[in-house]
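Structure, as structure tokens:
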Amino acid sequence: MYTVYKLDPADLNENFLQALKLLFSGKTIEIAVREVEAANETHDIWQAIERFRQQMNPADYPDNEDIFADVRDRSAGREVVL
Numbered sequence: 368m369y370t371v372y373k374l375d376p377a378d379l380n381e382n383f384l385q386a387l388k389l390l391f392s393g394k395t396i397e398i399a400v401r402e403v404e405a406a407n408e409t410h411d412i413w414q415a416i417e418r419f420r421q422q423m424n425p426a427d428y429p430d431n432e433d434i435f436a437d438v439r440d441r442s443a444g445r446e447v448v449l
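Numbering (our numbering), first residue to last: 368 to 449.
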């Protein structure tokens, strides 16, 4: 598994470490740190998703709970006239 985190050093906290421990439990990991130039950053949907994943705390969501259970509207929808 390969994961890239882009964050401010001030955001390194116990939650971040717990997320790493959970994601890579039982595995040996390598941590490399480098400075990212602000001019090289682009803002697209994938980076937004990665930022969301980094801010999520997996401990807040029980394993036996489907967090997406009520996301979809299951109503019949609009009437189609052919």
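Backbone N, C-alpha and C fix where the C-beta goes; we use that ideal spot for every residue, glycine too.
Span separating the alpha-carbon of residue i from that of residue j
i: Ala-399; j: Pro-429; result: 31 Å
i: Val-448; j: Arg-439; result: 24 Å
Simplified DSSP assignment, three categories, for residue i
i: Ile-412; result: helix
i: Asn-382; result: helix
i: Ala-377; result: helix
i: Lys-388; result: helix
Problem set entry | Entirely enclosed beta strand (DSSP E) segments - the region 413 to 441, minimum 3 residues | none
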